[in-house]
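In the working numbering, the protein residues as written are 39 to 473.
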């Protein structure tokens, strides 16, 4: 028979262990089974179970049992008012029995309890609502400490309830984040969809057909065209309409960085690999693992760096700067350039093997001067977008459209965008005219 002081010490140790178990990220059934194990080992509750509320019909359903083989225990339900657990469900208060079998409401459906020993059941509340029941049986006959044991069981039930509440909050947060992520993906997909790429000329229809075909596969794509022809817009459309659309999409302008920084930016670096490297850092290839990496201005990288890039494209392997560990990456590469790569290969400025590795599926974007029939629709589309940004309707006169169509646009669509934005700023009435 336990003394009050011995019981108190055992209960404190059990509460500590139960708190540790509940703080871990485990499956609920596995977690409560571990809790029931602790109650057996520390305070001699050899028979115990946790029941949870079925939200569909309001019954209590036995979820975890200690003191009987799971294979031998059939799923058991208690309706409100049925048995001790059903009474607790109806009255939402703890119940303690000095001798379980003396109470006619005691059903012992799972057959693990001793009718001659005490029985304690406490509600598991989550946010003020009953969500389950913790039911235990001490291994000793009533020794005058039943009330103390009942208080302890209530504390354990409260700890389980807090853990369930936190788990529900985490699950709700995950659900909310997943919904926001999916909504953002839909928004991005619509933003970078084919509907936002304007052009009805034969040249652009060929581009659209190629983009739709190549989007289905993981093939490396080389986008070619003058500056301002929309290579990045096409790269976006390819990724967001590909099987990798749910994966990361990482961009890098190769012309914007010197060679030494380009290497660390693409491959990452280890701590201490150079002055200022205070920690390890992933490169763009690692960031894009499982998704797409868009390398703009690929024709600007040096021959020395081209060899390092070739290895990643061929083998799907890299080492961070200052590291020796080989990392595997699964990345689809979309490259873009305005340069004549064939001439660069002939001049020895661009590796021939890298050229063939990149040029698996070339897509050539025509300059705007070769598709003047697209200028009117493009101009109206851009004007609408600028108007939305400025928060006012923006119109273009037919005279302005004719003037825009007659111009050669050496800077292509980008120059057209800049021209219309400048005209919009200078137009207090919101009407862009030929003047």
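Just so you know, even glycine gets a beta-carbon here, dropped at the ideal spot from N, CA and C.
C-beta atoms of residue i and residue j nearer than 7 Å
i	j	result
residue 432	residue 468	yes
residue 86	residue 177	no
residue 449	residue 266	yes
residue 122	residue 160	no
residue 323	residue 367	yes
residue 236	residue 415	yes
residue 299	residue 337	no
residue 331	residue 395	no
residue 291	residue 335	yes
residue 438	residue 385	no
residue 402	residue 276	no
residue 8	residue 138	This structure cannot speak to residue 8, because the chain is shown only from 39 to 473.
residue 202	residue 164	yes
residue 156	residue 181	no
residue 127	residue 145	no
residue 261	residue 342	no
residue 168	residue 130	yes
residue 101	residue 67	yes
residue 302	residue 252	no
residue 80	residue 52	yes
residue 119	residue 105	no
Pick from the options that is closest to residue i, judged by C-alpha positions
i	options	result
residue 417	391, 398, 445, 393	445
residue 172	210, 88, 94	88
residue 246	116, 217, 216, 279	279
residue 15	282, 259, 284	Outside the modelled stretch of the chain, which goes from 39 to 473, sits residue 15, for which no answer is possible.
residue 134	149, 174, 103	174
residue 409	243, 163, 154	243
residue 421	183, 459, 125	459
residue 370	357, 353, 362	353
residue 308	318, 294, 113	318
residue 466	429, 447, 48, 91	429
residue 463	454, 424, 128	424
residue 191	162, 68, 168	162
residue 349	314, 253, 389	389
residue 474	358, 42, 393	Within the shown structure, residues of the chain are numbered from 39 to 473, placing residue 474 beyond reach of any answer.
residue 288	312, 320, 313	320
residue 117	170, 105, 51, 132	170
residue 257	248, 264, 263	248
residue 455	252, 316, 419, 426	419
residue 470	434, 212, 193	434
residue 281	84, 65, 329, 297	329
residue 333	383, 270, 48, 147	270
residue 264	404, 197, 356	404
residue 286	240, 141, 326	326
Those residues which DSSP pairs with residue i across a bridge
i	result
residue 163	168
residue 89	100, 171
residue 359	307
residue 115	99
residue 366	355
residue 150	According to DSSP, which records beta bridges pairwise, residue 150 is partnered with nothing at all.
residue 469	433
residue 158	134, 174
Extent of the continuous alpha helix (DSSP H) run through residue i
i	result
residue 122	121-129
residue 347	341-353
residue 235	Where residue 235 is concerned, there is no enclosing alpha helix (DSSP H), given that its DSSP letter is neither H nor E.
residue 48	42-61
residue 78	66-81
residue 383	379-384
Opening and closing residue of the beta strand (DSSP E) in which residue i lies
i	result
residue 374	370-375
residue 134	133-135
heavy atom of the ligand NAP below 6 Å from residue i C-beta
i	result
residue 470	Among the components of this structure there are no ligands whatsoever, and the ligand NAP is therefore not found.
Item checked: Every unbroken alpha helix (DSSP H) within the stretch 250-338, with a cutoff of 4 residues, ordered by chain -> Look at the stretch 250-338 and you find these whole runs of alpha helix (DSSP H), each 4 residues long or longer: 269-278, 297-305, 322-325.
Checklist line | Start-end ranges of the alpha helix (DSSP H) lying completely within the stretch 388-452, minimum 4 residues | finding: Correct list: 390-396, 413-428, 436-444.
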